[in-house]
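Contents: one structure, followed by commentary.
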Amino acid sequence: MKTLFSMKSSLSACAGATFFIIGLSSTSLSQQFTDVSAEAGIIQIEARAWGNPIWGDINNDDYLDLLVPVHELDYLGGPLTPFVYVNNQDGTFTEKGVASGLNGNAPDDNKDWLSCSFGDYDNDGNLDFLTVEPPFQSGGGGDGNGILISEVPARNPLYKGNGDGTFTYTAAAAGLELGRNYGGSGFFVDYDNDGFLDIFVKNQSTTQETSVNVLYHNDGDGTFTIVPGAGGLADANRGLTEGTHCSFADYDNDGYMDAVFGGNGAADALYRNQGDGTFVEVTVVAGITPRVNALGFAWGDYDNDGLLDLYISRGKQSGLGDLGNTLYRNNGNGTFTELANAAGVNDNTNTWAAVWGDYDNDGFLDLFVVRTGTSAIGIGNANILYHNNGDGTFTDKAAEEGVDLQDDDLNSAHKLAAWGDYDNDGFLDLVVQDGIAPTKVTGEAATGFHYLFNNNGNSNHFIKLRLRGVESNLDGIGARVTVTYDGGKAFRLNNGGGGGEYASQGSGPLHFGIGAASVATIQINWPSGIVDILGSVAADSVLTVTEGSNPPTTQSQNISTRLDVGTGASVGIGGFIVTGLEPKEVLVRGLGPSLSAFGVPGVLADPVLELHLTDGTTVGNNNWRDTQVDEITATGLAPTEDTEAALVMTLEPGPYTAVLSGNNGTGVGLIEVYALNPASDSELANVSTRGFVGTGDNVLIGGIIVGPQGAPAATLVVRAIGPTLASQGIAESLADPTLELYDNNGTLIASNDDWQEDPTQADTIEALGLAPGDSRESAIHATAPTGFYTAIVRGSNDTTGVGLVEIYNIQ
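Under the numbering used here, the first residue of the sequence shown carries the number 250, and numbering increases by one thereafter.
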């Protein structure tokens, strides 16, 4: 369906967030995309091209403009500038390359632009532009393989955006080096999270000269300083005419941007950011196979588990070599598993750019892969549009949706692509660019056709998000965003957006499809560590969120208890309360076998979980894969053992009881409750678990996660109950419980034997109405910054019996 739009209203329901609601109407079309290149003003011209087209709003009118690179400016009568298509806000563009000032006429510029990237390096709200080049022009000054005519050094061009669609050359004043390094690609990235975008240049060597990669640290005053050794990246994938490609993303969710490298003849390499300004190679440890010929690196969470997966497209300028694309699924522990064949995305031809985007707004990332023919491979250059089936597999729908561009031409050169919603209708449109040789024409004038496909839309909904950093860099590069909605959850990492992963970096709003949902919750984890949460965001909203404007309230994100699960009165019983005005979606888990990996002996072999609801009914689960497998997997918290138990439930405010027992067995088990929608007007208020308190590893352990990160500290009251259970008919109650409270570093922050031993604390606990009923019982009152806390209940002098551990989050 073709989606039209009108701006209905502007809202300010959340502080610091500007909303636009797009009203939708639709008409039916048979395919998802229509080639609108001609009517949109996109030029069909033969020009040498390298680097990916990129989207970005260069004149701050809230419409995406388009820059299409040209390999060698002013070469053999070719274009004098890259193609700069300025959005006219009516579905058409005007080409303003000359007027933009991006002309390559600056001193020390050889006009051999191999990459193009947008980023706001001076945090002034205007997009700046970076490109890189070799110290010669490949066609005019040498053959591109080190046979050099010019010995004049070059400086990678950097242009400051003026906010009106024009740019001013600043490379020399900013401190970019004048030298002989052979620039292959360049990116803006805040590698040290100081709030300013740094610059990384991936260089390659030639048969004549050796290059090193360069990392420029942003000094915060419009200038840059070269980082010695590029923070450990100086020699990443250096080689002879190899290793020109890289991409940055935070694959391990530690808040720091990591890097992956590859290229023709260069083996894939993954480097982890250590958070101290340096990187370390982890390729093999992470499960990455060091294959060659990577041309596209596409980071995206295709299975919506909150972890970035990596797709690598492989191809060659000529010949065959090691082809066959790769899909690495993120395991969440710093490693990856290769699943290209299982997922149906292992194309074995000549592929270049690969870009993730949810083109049909169904909540799952789809994948567009650009494919070209060569004389060695033959025809078969139809592009691929892998539609995400939502079950870990994909189906190619390029021909069905109208973006295959199949022409059965040995010399066709489809190579580059980028998603972007240029008409602001809430659906991602697509630009495809042909590259240099193989060519449709003979000689040096290689084809560089540009194709623009308009997305005809459907009835699904979306959320679009623009980030504005305060302590973080202005565009929020490196921020992690999670959108939760009825029926699903989606995750994006902001590494620029608006462009492909082929030697270039665009800048655009983050786009989320949310299917048929009418409302969503948004959580933003900024590079600074600040967290913003926006609840009840209407579908089809376009938001601009300023860092720190929507701080979260402190909540119990997880409550858990580890205990010795017996039979009869000694089964594990965990009580919790949902407080507030709205329902709370939770995941309840009963674990046993997976505890062995943490050194816990005598685990419960086959846990059985029951949840007693407020209306007196009970729901249960034995093996989590028996029911709700999709819902549980989507949370990213699925148990690691099939015999463990789990339930996803939406609970009204009130008290609930989880009972953990063994299927014909006993042993140490774990009851856990996770809050899945942190922005709802409800929360997990307390945990109360009853179980047998033994000795050694069989003590009673309660846990709570206070969060999210960036929220204020919580006030906790933790209690260990024993003697008063006898008055409730519990036999063999623990006669004299002791209590210890530890933080996430394992540091003891408080302990107590008899709750009245500290008169000041006892008065506080009494005033809160939480005084234990027996003087031998224990209690702790503590201020708890966000993080994980563990309470351990033991028997004094190694006595044993049935005890109760309780953790209250006092607002």
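The C-beta atom is built at its ideal place from N, Cα and C for all residues, glycine as well. Computed from a predicted structure; not experimentally measured.
Residue PHE941 holds the alpha-carbon nearest to the alpha-carbon of ILE1041 among GLY956, PRO1034, PHE941. DSSP lists ALA403 as the bridge partner or partners of GLY428. Annotation for ASN590: the continuous alpha helix (DSSP H) segment containing it runs 589-592. Note that the C-beta distance between ALA1028 and PRO1021 is below 8 angstroms.
Assignment of beta-bridge partners to GLU344 by DSSP yields TYR334. In the DSSP assignment, the residues bridged to GLN453 are TYR431.
Straight-line spacing of the CA atoms in THR915 and HIS710 works out to 48 angstroms.
Less than 8 angstroms separates the beta-carbon of LEU949 from that of VAL1054. Inclusion of THR867 and GLU859 in the CB contact set at 8 angstroms is warranted, their separation being smaller than that value. In this structure, the straight-line span from the alpha carbon of LEU519 to that of GLY848 is close to 31 angstroms. Beyond the five residues adjoining it in sequence on each side, ASP558 comes within less than 8 angstroms, by CB distance, of TRP548, GLY549, ASP550, TYR551, ASP552, LEU576, TYR577, ARG578, ASN579, PHE585 in the same chain, given in chain order. In this structure, the alpha-carbon of ASN430 lies about 19 angstroms from that of SER496. In the displayed model, ALA975 falls within a helix according to three-state DSSP. A residue is called buried when at least 16 other Cβ atoms come within 10 angstroms of its Cβ; THR731 meets this threshold and is buried. Each residue's CA atom was taken as its position, placing PRO477 and VAL347 some 37 angstroms apart. With a beta-carbon spacing of about 12 angstroms, LEU544 and GLY573 fall beyond the 8 angstroms limit used to define contacts. Secondary structure at SER845: helix, using DSSP grouped into helix, strand and coil.
The beta carbon of PRO402 sits closer than 6 angstroms to those of PRO384, LEU427, GLY428, ARG429, all from its chain and outside the five residues before and after it, given in chain order.
Here DSSP, grouped into helix, strand and coil, assigns PRO356 to coil. The residue among GLY745, ILE773, ASN774, ARG741 with its C-alpha nearest the C-alpha of GLY762 is ARG741. ASP499 is a Cβ neighbour of GLY727, given a cutoff of 8 angstroms.
In this structure, DSSP gives THR876 a state outside helix and strand, which the three-state scheme calls coil. Under the criterion of beta carbons closer than 8 angstroms, ASP369 and LEU723 qualify as touching, at roughly 5 angstroms. In this structure, the CA atom of LEU933 is about 8 angstroms from the CA atom of ASN1058.
If you look at GLU530, you'll find it in the beta strand (DSSP E) that goes 528-530. Take the alpha-carbon of PHE473 and the one of ASN354: they are about 22 angstroms apart. As computed with DSSP, PHE416 is found in a beta bridge with GLY410. For ALA515, the closest C-alpha among the options ASN935, ALA895, THR493 is that of THR493.
Rounded to whole angstroms, VAL319 and GLN772 show a C-alpha spacing of 39 angstroms. Minimum Cα-Cα distance from ALA818 among the listed residues ASN542, GLY956, LEU974 corresponds to LEU974. About 12 angstroms separates the beta carbon of PHE449 from that of VAL509, a gap too long to meet the 8 angstroms contact definition.
Assigned with DSSP and collapsed to three states, GLY545 falls in strand.
The criterion of a C-beta distance shorter than 8 angstroms is not satisfied by LEU379 and PHE332. If you compare the alpha carbons of LEU840, SER767, GLY736, PRO850 with that of ALA883, the shortest gap goes to GLY736.
According to the DSSP assignment, ASP1012 belongs to the alpha helix (DSSP H) that extends over 1008-1016. With three or more CB-CB distances shorter than 8 angstroms, the stretch 829-839 counts as touching the stretch 887-904.
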